[in-house]
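From first to last, the protein sequence lines stand for chains Y and W. This note's numbering numbers the first residue of the first sequence as 1022 and each following residue consecutively. This note's numbering numbers the first residue of the second sequence as 1022 and each following residue consecutively.
2 protein chains.
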Amino acid sequence: MRYCVIMCGGVGSRFWPFSRAGMPKQFLDFFGTGKSLLQLTAERIAPLVPQERIIVVTNEEYASIVREQLPLVPQANILLEPARRNTAPCICWAAQHIAASDPDASIITLPSDHLILKTDAFLQAMAEGLDFVETHDALLTLGIMPTRPETAYGYIQRGSPATNAPGILKVKSFTEKPTLDMARVLLESGDFFWNSGIFLWSASSILRAFSQHAPEIAEVFDPGVGSYATPEESAFIAEAFPSAPNISIDYAVMEKASNVYVKTVDLGWSDLGNWGALHDVSPHTLEGNVTQGCKVLAPDCSGSIFAVKGDKIIVAAGLKDYIVAENGNALLIVPRSREQEIKTMLSEVRSRYGEKYL
Amino acid sequence: MRYCVIMCGGVGSRFWPFSRAGMPKQFLDFFGTGKSLLQLTAERIAPLVPQERIIVVTNEEYASIVREQLPLVPQANILLEPARRNTAPCICWAAQHIAASDPDASIITLPSDHLILKTDAFLQAMAEGLDFVETHDALLTLGIMPTRPETAYGYIQRGSPATNAPGILKVKSFTEKPTLDMARVLLESGDFFWNSGIFLWSASSILRAFSQHAPEIAEVFDPGVGSYATPEESAFIAEAFPSAPNISIDYAVMEKASNVYVKTVDLGWSDLGNWGALHDVSPHTLEGNVTQGCKVLAPDCSGSIFAVKGDKIIVAAGLKDYIVAENGNALLIVPRSREQEIKTMLSEVRSRYGEKYL
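The following block contains the structure:
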């Protein structure tokens, strides 16, 4: 049967203070639709995968938020990580968990915090992708046609078309976050696509790939066979999971395996990875300002983002290309061009004042 | 006996949103001392006038705040104005109220929301001023040596010294808020002093001055004689006060009377009339930033004021000469050079969203 794994453990520190340590980005209603990014993700896949076959992997810290936001997903489907170990251990555990009750499962793996505007194209790509991975020993990733020389994403180079699978191509290479010059070359070549972080495979294919290319991860989770999807699972995970290496699925498996394919799609996609990306995909005023759920009076402001929690008025003047974000006990007012420095500023906040403002 | 009238009815809209409609500037702990400007004012005069002879005149809207902030001032001494009518009606009522039980009273009249750094000089000036007005039919005002060509203040021109009263001079003329060119001339002449809004007189002198120079005010309050300082006072005021003209003591009396004197002093005084004035008198960082009771991390910010209520962190970058102020449901981020426009912006907020954000 078909399953969907939603990866939901990120800390989302790049949207501080709009997102906070206890309430990262995937749990926020970013677009004022009344639904969080996680809820939108679960809703988007619903026509293809029913809620009882949605598996959510999150940090145990967020258990109650996930339960509250996805009440129709069975409790047993919410896998709680006792430690943060990036995507590879998360994916390996989820595959073992699913395979325990359905060894023939096929799995869609989705980030919980991306924006996808074209739901129909997404569902069609998912359906065609599942057809492919259910009939081939293949690891399939979704590639997004790049629109700018983005340096924050990984790129996938397409190779020759797969036989009997229109729109699916062999992957020739992965390129991690490039320099700006390199990104321009990749963009112009037409052969490179953004790595969306959306993956499709059968449980058997991905578990085989772990054994072959990431044995240090397989060895952590293989001893749990017999306890997955049973009452013993959580005790096993509590013991084993923290010893898994902290590594992404791209590094651990995708860049090494030879049976990796890409399906190129136009999804109206954004990873919403930073304020700049959010600004790009949000509705603008004539002056290029973006407002996230607050009332704003902004004479002579342009190109700015106002993201303030609660029923609040912001009166701002003369801000060009600024981020103004507030939530709880923290207020951020920083030029968009200096977004990269926010992390350093937060380290300074931590060292001066401790964790309470993060 | 000696009395002190503290005028405490202002709305302080210029410090929005740090001050709010329901909590104007005089009730705020502006300098993080743990005491409001009103409390500091009452404390400052205490060595000369005991609390039971302090009269506080405020708008009825602020009755509970005044009682809470000045618990030692007797309830009967808190005069509640049923309408806003500027300083002249306030002063006339307070003088009548005091004269009703002590016709020979001398009175210090103080704004509740000014900063005075030199308490000793202030008390000495008050004591000497009282000696003067207790022995002369005189209206005495405190004049501050100007330090810059300020256009927001009124100026007092000094005349010849009073006989037998060192440091007290006849007033030759009043000049209301001058143009910048005019202010420069006044500053250089050495003959002009800022009008501090601090007044001393006997009850009989000020009431006589109202009768002579502002009969339209005297006529409102004269019929109340017999009810002042009795249980009938508030009923009389509720009826009569709203019919008083809306006018300052300067326009109504001081600019017309011939027995007006000025005592020139150096008090370390500021009227804290706007953010600029507050910035001038507050402790600065090396970069010229001023912080009002909040934690601030401000790389590449300079000349700015950060006034945010509550236990909060502000992370701001690249702001030059800005006002960042927040309180409750409102956040202001405006260049100091545009402070004059805030009032217009607030009108816009009112017309779009109503009173709840003001």
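No residue lacks a Cβ here, since even glycine has one placed at the ideal position from N, Cα and C.
Could you please tell me which residues of the stretch 1349-1362 of chain Y, in chain order, have their CB closer than 8 Å to any CB of chain W?
N1350, A1351, L1352, L1353, I1354, V1355, P1356, R1359 and E1362
Looking at the structure shown, is Y/R1074 part of a helix, part of a strand, or coil, going by DSSP?
On the first sequence, position 53 is the one that residue 1074 of chain Y refers to. Residue state, collapsed to three classes: helix.
Which chain Y residues sit within Cβ distance under 8 Å of W/A1338?
As a first step, residue 1338 of chain W is located in the second sequence; it is residue number 317 there, counting from the start. Within chain Y, the residues near W/A1338 are I1354, V1355, P1356, R1359, E1362 and M1366.
Minimum Cβ-Cβ distance from Y/V1345 to chain W less than 9 Å
Residue mapping note: residue 1345 of chain Y aligns to position 324 of the first sequence, counting from 1. Yes, Y/V1345 counts as interfacial toward chain W.
Among Y/A1224, Y/G1218, Y/P1304 and Y/L1091, which one has its Cα closest to the Cα of Y/E1197?
On the first sequence, position 176 is the one that residue 1197 of chain Y refers to. Checked all of Y/A1224, Y/G1218, Y/P1304 and Y/L1091; the closest Cα to Y/E1197 is Y/G1218.
Given that Y/Y1374 touches chain W, what residues does it touch there, using C-beta distances under 8 Å?
Within the first sequence, numbered from 1, the residue matching residue 1374 of chain Y stands at position 353. Result: K1316 and I1334.
Which of the three DSSP states, helix, strand or coil, is assigned to W/Y1282?
Taking the first residue of the second sequence as position 1, residue 1282 of chain W is located at position 261. Residue state, collapsed to three classes: strand.
Would you grab the beta carbon distance between W/I1119 and W/A1224 for me? Rounded to a whole angstrom, and I think it's under 8 Å.
Mapped onto the second sequence, residue 1119 of chain W falls at position 98. Mapped onto the second sequence, residue 1224 of chain W falls at position 203. So it is a contact: roughly 5 Å between Cβ atoms.
Stretch pair the stretch 1259-1272 of chain Y + the stretch 1103-1111 of chain Y: three plus CB contacts closer than 8 Å:
yes
Beta carbon proximity, Y/Y1249 to chain W, threshold 9 Å
Within the first sequence, residue 1249 of chain Y is the residue found at index 228, counting from 1. Output row for Y/Y1249: interface = no.
Suppose you measure from the CA of Y/L1101 to the CA of Y/D1301; what does that come to, to the nearest Å?
Taking the first residue of the first sequence as position 1, residue 1101 of chain Y is located at position 80. Taking the first residue of the first sequence as position 1, residue 1301 of chain Y is located at position 280. If I take the Cα positions, the gap works out to 33 Å.
Which same chain residues, not among the five before or five after W/L1353, have their C-beta less than 6 Å away from its C-beta?
Position 332 of the second sequence holds residue 1353 of chain W. Correct list, in chain order: P1038 and A1346.
Cutoff 7 Å; reference W/C1007; Cβ partners in own chain excluding five residues on either side:
Since the displayed chain W opens at 1022 and closes at 1379, residue 1007 of chain W lies outside it and no answer follows.
Beta carbon of W/I1129 nearer than 9 Å to that of W/M1147:
In the second sequence, counting from the first residue as 1, residue 1129 of chain W sits at position 108. In the second sequence, counting from the first residue as 1, residue 1147 of chain W sits at position 126. It is a contact, given that the beta carbons lie within the stated cut-off.
Boundaries (first-last residue) of the alpha helix (DSSP H) holding W/Y1374
As a working mapping, residue 1374 of chain W is identified with position 353 in the second sequence. Where W/Y1374 is concerned, the enclosing alpha helix (DSSP H) stretches over I1363 to Y1374.
Could you say if the stretch 1221-1239 of chain Y and the stretch 1294-1310 of chain Y meet the contact criterion of at least three C-beta pairs nearer than 8 Å?
no
Length of the line joining the Cα atoms of Y/D1202 and Y/L1208
Along the first sequence, read from residue 1 onward, the residue named residue 1202 of chain Y stands at position 181. Along the first sequence, read from residue 1 onward, the residue named residue 1208 of chain Y stands at position 187. Distance between the alpha carbons of Y/D1202 and Y/L1208: 10 Å.
Between the alpha carbons of Y/A1250 and Y/E1376, how many angstroms are there, rounded?
Here residue 1250 of chain Y refers to the residue found at position 229 when the first sequence is read from its first residue. Here residue 1376 of chain Y refers to the residue found at position 355 when the first sequence is read from its first residue. Y/A1250 and Y/E1376: Cα-Cα distance of roughly 36 Å.
Going along chain Y, which residues have a C-beta under 7 Å from W/V1329?
In the second sequence, residue 1329 of chain W corresponds to position 308, counting from 1. Within 7 Å Cβ-Cβ: L1352.
Identify the continuous beta strand (DSSP E) that holds W/G1164 and give its terminal residues.
Indexing the second sequence from 1 puts residue 1164 of chain W at position 143. That run of the beta strand (DSSP E) goes L1160 to I1165.
Shortest alpha-carbon distance to Y/D1342 belongs to which of Y/Y1282, Y/A1159 and Y/R1357?
Within the first sequence, the letter at position 321 stands for residue 1342 of chain Y. Among Y/Y1282, Y/A1159 and Y/R1357, the Cα nearest to that of Y/D1342 belongs to Y/R1357.
8 Å CB neighbourhood of Y/D1123 in its chain, flanking five on each side removed
Translated into positions along the first sequence, residue 1123 of chain Y becomes position 102. Taken in chain order, the residues that qualify are M1022, Y1024 and A1224.
Segment contact, 8 Å Cβ cut-off, at least three pairs: the stretch 1136-1144 of chain W with the stretch 1277-1292 of chain W
yes
Beta-carbon proximity of W/A1239 to W/C1113, cut-off 9 Å:
Here residue 1239 of chain W corresponds to residue number 218 of the second sequence, with the count starting at 1. Here residue 1113 of chain W corresponds to residue number 92 of the second sequence, with the count starting at 1. The answer is yes: Cβ separation under 9 Å.
Which same chain residues end up closer than 6 Å to W/A1159 when comparing Cβ atoms and leaving out the 5 residues on each side of it in sequence?
Against the second sequence, residue 1159 of chain W aligns to sequence position 138. Taken in chain order, the residues that qualify are N1280 and Y1282.
Using a 10 Å radius around the Cβ and a threshold of 16 neighbouring Cβ atoms, would you call W/K1364 buried or exposed?
For the purposes of this step, residue 1364 of chain W is taken as residue 343 along the second sequence, with counting starting at 1. That one is exposed.
Can you check whether the CB of W/G1164 is closer than 9 Å to the CB of W/T1285?
Taking the first residue of the second sequence as position 1, residue 1285 of chain W is located at position 264. Taking the first residue of the second sequence as position 1, residue 1164 of chain W is located at position 143. In this structure, W/G1164 lies closer than 9 Å to W/T1285 by Cβ.
Alpha helix (DSSP H) containing W/E1260: first to last residue?
Counted from its first residue, the second sequence places residue 1260 of chain W at position 239. Start and end: E1254 to A1261.
Using the three-state DSSP reduction, which class does W/K1056 fall into: helix, strand or coil?
Taking the second sequence and counting its residues from 1, the one referred to as residue 1056 of chain W is at position 35. Of the three classes helix, strand and coil, the one that applies to W/K1056 here is coil, per DSSP.
Enclosing beta strand (DSSP E) for Y/M1275 [first to last residue]
By 1-based counting over the first sequence, the position of residue 1275 of chain Y is 254. Per DSSP, Y/M1275 belongs to no beta strand (DSSP E) and is neither H nor E.
Give me the subset of the stretch 1023-1045 of chain W whose CB atoms are less than 7 Å from a CB atom of chain Y, sorted by chain position.
none
Mapping DSSP to helix, strand and coil, what is Y/Y1176?
Within the first sequence, the letter at position 155 stands for residue 1176 of chain Y. Strand.
Any idea what DSSP makes of W/Y1024, helix, strand or coil?
As a working mapping, residue 1024 of chain W is identified with position 3 in the second sequence. The answer is strand: DSSP assigns W/Y1024 an E or B state.
Contact residues within the stretch 1275-1291 of chain Y, judged by C-beta distance below 8 Å to chain W
none
Rounding to the nearest angstrom, what Cα-Cα distance links W/E1081 and W/Q1047 in this structure?
Sequence index remark: in the second sequence, residue 1081 of chain W carries index 60 (1-based). Sequence index remark: in the second sequence, residue 1047 of chain W carries index 26 (1-based). Going from the Cα of W/E1081 to the Cα of W/Q1047 covers about 15 Å.
Could you tell me whether the Cβ atoms of W/F1153 and W/A1186 are closer together than 9 Å?
Taking the first residue of the second sequence as 1, we reach residue 1153 of chain W at position 132. Taking the first residue of the second sequence as 1, we reach residue 1186 of chain W at position 165. Going by C-beta atoms, W/F1153 is nearer than 9 Å to W/A1186.
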